[in-house]
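Quick notes on the structure that follows.
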Amino acid sequence: MKPDEQDKYSRQILFDGIGAAGQERLLAASAVLVGCGALGTASANLLVRAGLGRLRIIDRDFVEPSNLQRQTLFDEADAREALPKAIAAERHLRAINSGVQVEGITGDLTPKNAAALLSGFHLILDGTDNFETRLLLNDAAISLGMPWIYAAVVGSYGVTMTILPGQTACLACLLESGEDSGGRGAALGGDATCDTIGVLQAAVGAIASIQSAEAMKLLAGKPEALNRRLVSCDVWSGKFQSIGVERNPNCRACARRDLIYLNGDAQPHITLCGRDSVQIHERGRKLDLADLGRRLNGASRDVRYNEFLLRFRVPPYELTVFADGRAIIKGTKDPAVARSLYARYVGA
Ligand SMILES: [Zn+2]
């Protein structure tokens with residue numbers, strides 16, 4: 000460890016659980032964060048300050064004013080510029096700790112790219128907001144033999160669980176076993192999402208802190224300190240729980256290795272992404288955003304673009320198109336409407 004690192008991390012090195020040896024390991028460790036919203040920004044901030052060696056951030060979305068209440072890495076300028084979250088997070092994290100290699104990737108995690116984007120890291124962190132992507136993460140982690148830390152928050156309530164493939168229960172053990180063992184229902188309060196019942200930053204902070212502490216134990220080489228239980232907390236009612244989750248000996252994912260989310264074609268080309276939006280994935284299609292911007296400007300569509308994305312309005316809808324051909328259409332939950340807008344303004 001260099002002298003400036005000894006000074007920078009001195010309070011963490013003094014902590015018995017980490018020590019100088021743990022800090023050395025942390026500085027040499029890497030993690031990949033999938034989803035950089037409320038949980039992702041909070042955990043990334045904690046781990047980059049703690050002196051993680053390398054962090055990759057994968058996110059498909061861009062910063063909006065309604066994110067700033069809880070997505071603590073972003074500011075008003077990011078929202079004004081509609082920067083992709085992965086890019087804005089990378090910039091802020093580099094300013095916070097230039098000693099950490101931070102790499103932001105704007106895109107969607109899919110069965111096709113999961114192995115390439117996730118492998119080579121010591122740990123996967125869940126910052127996603129939907130179970131389809133989490134089950135893909137779970138399949139990918141089992142396939143690659145990588146630990147990952149599940150986390151979810153809605154309203155004032157959140158859960159987190161560290162998953163070590165082959166050692167602990169996996170997300171499919173939790174969600175797909177016959178009886179409801181407090182999985183999907185407990186995690187999200189039924190079908191509630193942050194877009195329907197809201198979310199408190201305090202709940203996000205509590206869960207992100209537990210997730211980050213687990214990450215530090217793993218990356219500092221202290222697996223014996225890991226909490227191998229499903230931890231939940233409600234910052235409004237003050238109820239905290241920790242539940243043992245048994246491995247399902249017949250689990251579809253970690254026992255039978257039937258990795259349907261990774262190997263199947265489970266990822267549709269059109270997905271609802273909450274908050275009254277539809278995402279269209281058009282893989283392998285590169286768009287010339289400047290050219291598209293010129294075409295749309297003629298029709299005066301309130302076009303704004305930066306090097307990463309282009310946004311324009313077709314009242315009551317708003318379309319955000321990324322350079323990889325992906326688009327998020329806001330103002331509808333109807334895939335047919337989204338597809339027709341995409342075809343009309345971006346191209347079939
Ligand atoms: Zn399992």
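Count the sequence shown with numbering that gives the first Met the number 0 and you get residues 0 to 347, in order.
From the three backbone atoms N, C-alpha and C, an ideal C-beta is built for every residue, glycine too.
Around the Cβ of Pro-146, are there at least 16 other Cβ atoms within 10 angstroms (buried) or fewer (exposed)?
Position 147 of the sequence shown, counting from 1, holds the residue named residue 146. It counts as buried.
Note down the Cα distance separating Phe-120 from Arg-300, rounded to an integer number of angstroms.
For the purposes of this step, residue 120 is taken as the residue at position 121 of the sequence shown. For the purposes of this step, residue 300 is taken as the residue at position 301 of the sequence shown. Each residue's alpha carbon lies about 42 Å from the other.
With H, G and I counted as helix, E and B as strand and the rest as coil, what does DSSP make of Tyr-304?
The sequence position of residue 304 within the sequence shown is 305, counting from 1. DSSP places Tyr-304 in strand when its eight states are reduced to three.
Where does Gly-36 land, buried or exposed, given buried means 16+ other C-beta within 10 angstroms?
By 1-based counting over the sequence shown, the position of residue 36 is 37. The residue in question, Gly-36, is buried, as its Cβ has 16 or more Cβ neighbours within 10 Å.
Assuming Leu-406 and Ser-42 are in contact, meaning their beta carbons sit under 8 Å apart, how far apart are those beta carbons, in whole angstroms?
There is no way to answer for residue 406, as the model of the chain reaches only from 0 to 347.
For Ala-326, is the beta carbon positioned less than 6 Å from some heavy atom of ligand 1?
Within the sequence shown, residue 326 is the residue found at index 327, counting from 1. No, the beta carbon of Ala-326 sits no closer than 6 Å to any heavy atom of ligand 1.
State buried or exposed for Gly-182, treating a residue as buried only when at least 16 other CB atoms are found within 10 Å of its CB.
Translated into positions along the sequence shown, residue 182 becomes position 183. Below a pLDDT of 50, predicted positions are generally treated as unreliable, and Gly-182, at 46, falls in that range; the measurement from the model is reported next regardless. Label assigned to Gly-182: buried.
Please confirm whether any heavy atom of ligand 1 lies closer than 6 Å to the CB of Ala-140.
Mapped onto the sequence shown, residue 140 falls at position 141. No - ligand 1 has no heavy atom lying nearer than 6 Å to the Cβ of Ala-140.
Leaving out five residues before and five after Gly-188 in sequence, what residues of the same chain have Cβ atoms less than 8 Å from its Cβ?
Taking the first residue of the sequence shown as 1, we reach residue 188 at position 189. Residue placement at Gly-188 is flagged as unreliable, the pLDDT there being 42, under the threshold of 50; a coordinate-derived value is accordingly withheld.
Proximity below 7 Å, CB of Ile-123 to CB of Ala-140
Locating residue 123 in the sequence shown gives position 124, where the first residue counts as 1. Locating residue 140 in the sequence shown gives position 141, where the first residue counts as 1. Taking 7 Å as the Cβ cut-off, Ile-123 and Ala-140 qualify as a contacting pair.
With which residues is Ala-326 paired in a DSSP beta bridge?
Counted from its first residue, the sequence shown places residue 326 at position 327. BP columns for Ala-326 point to Ile-279, Val-320.
Where DSSP assigns a beta bridge to Ser-29, which residues make up the other side?
The sequence position of residue 29 within the sequence shown is 30, counting from 1. Ser-29 pairs with Arg-53.
When DSSP labels each residue in this structure, what does Ala-219 get in the three-state scheme?
Taking the sequence shown and counting its residues from 1, one reaches residue 219 at position 220. Looking at Ala-219 - three-state DSSP - the assignment turns out to be coil, as it is neither helix nor strand.
Distance, Ile-56 Cα to Ala-94 Cα
As a first step, residue 94 must be located in the sequence shown, where it is residue number 95. As a first step, residue 56 must be located in the sequence shown, where it is residue number 57. Looking at the two C-alpha atoms, the distance is approximately 16 Å.
Count the other CB atoms, across all protein chains shown, that sit within 10 Å of the CB of Ala-20; report buried if there are 16 or more and exposed otherwise.
Residue mapping note: residue 20 aligns to position 21 of the sequence shown, counting from 1. Flag for Ala-20 reads exposed.
By C-beta, the residues closer than 5 Å to any heavy atom of ligand 1, given in chain order:
Cys-169, Ala-171, Cys-172, Cys-250, Ala-252, Cys-253
Reduced DSSP secondary structure (H/G/I, E/B, other) of Lys-7
In the sequence shown, the residue the question calls residue 7 occupies position 8. The answer is helix: DSSP assigns Lys-7 an H, G or I state.
My output table needs one value for Gln-210: the three-state DSSP class, helix, strand or coil.
Numbered from 1 along the sequence shown, position 211 holds the residue referred to as residue 210. Three-state result, Gln-210: helix.
What three-state label does DSSP hand Gln-200 in the structure shown?
As a first step, residue 200 is located in the sequence shown; it is residue number 201 there, counting from the start. Here Gln-200 sits in helix by DSSP.
Under the assumption that Gly-126 contacts Gly-39 (Cβ atoms under 8 Å), give the Cβ distance between them as a whole number of angstroms.
Residue 126 sits at position 127 when you count from the first residue of the sequence shown. Residue 39 sits at position 40 when you count from the first residue of the sequence shown. Confirmed, about 3 Å.
In or out: Asp-138 buried (at least 16 other Cβ within 10 Å) or exposed?
Position 139 of the sequence shown, counted from the start, is the residue given in the question as residue 138. Result: buried.
Please list, in chain order, all residues of the same chain as Asp-77 whose beta carbon is under 6 Å from its beta carbon, the five residues on each side excluded.
The residue you call residue 77 lines up with position 78 of the sequence shown. Here the set comprises Val-62, Ala-87.
Neighbour-count burial assignment, Pro-83, 16 or more Cβ in a 10 Å radius:
Locating residue 83 in the sequence shown gives position 84, counting from the first residue. Its Cβ being crowded by 16 or more others within 10 Å, Pro-83 is buried.
Can the beta-carbon of Asn-44 be found closer than 7 Å to that of Leu-72?
As a first step, residue 44 is located in the sequence shown; it is residue number 45 there, counting from the start. As a first step, residue 72 is located in the sequence shown; it is residue number 73 there, counting from the start. Cβ distance < 7 Å, so Asn-44 and Leu-72 count as in contact.
Just confirm the distance between the C-beta atoms of Asn-249 and Arg-255, as a whole number of angstroms; I'd bet it's less than 8 Å.
The residue you call residue 249 lines up with position 250 of the sequence shown. The residue you call residue 255 lines up with position 256 of the sequence shown. So it is a contact: roughly 7 Å between Cβ atoms.
At least 3 beta-carbon pairs within less than 8 Å: the region 158-165 vs the region 200-210:
yes
Determine, using beta carbons only, whether Ala-322 and Leu-288 come nearer to each other than 7 Å.
Numbered from 1 along the sequence shown, position 323 holds the residue referred to as residue 322. Numbered from 1 along the sequence shown, position 289 holds the residue referred to as residue 288. Yes, Cβ-Cβ distance for Ala-322 and Leu-288 is below 7 Å.
How far does the beta strand (DSSP E) with Asp-153 in it reach, from first residue to last?
The count along the sequence shown starts at 1 and reaches residue 153 at position 154. The residue asked about is misnamed: residue 153 is Val in this sequence, not Asp. It spans 147-153 - the beta strand (DSSP E) in which Val-153 sits, taken as one unbroken run.
Indicate whether Val-277 and Ala-337 have their beta-carbon atoms separated by less than 7 Å.
In the sequence shown, residue 277 corresponds to position 278, counting from 1. In the sequence shown, residue 337 corresponds to position 338, counting from 1. For Val-277 and Ala-337, yes; Cβs fall inside 7 Å.
Using the Cβ count rule (16 or more neighbours within 10 Å means buried), how would you classify Glu-75?
Position 76 of the sequence shown, counting from 1, holds the residue named residue 75. Glu-75 comes out exposed.
Taking the alpha-carbon of Asn-66 as reference, which of Gly-98, Glu-89, Leu-170, Val-198 has the nearest alpha-carbon?
Mapped onto the sequence shown, residue 66 falls at position 67. Looking at the Cα atoms, Val-198 is the closest of the given residues.
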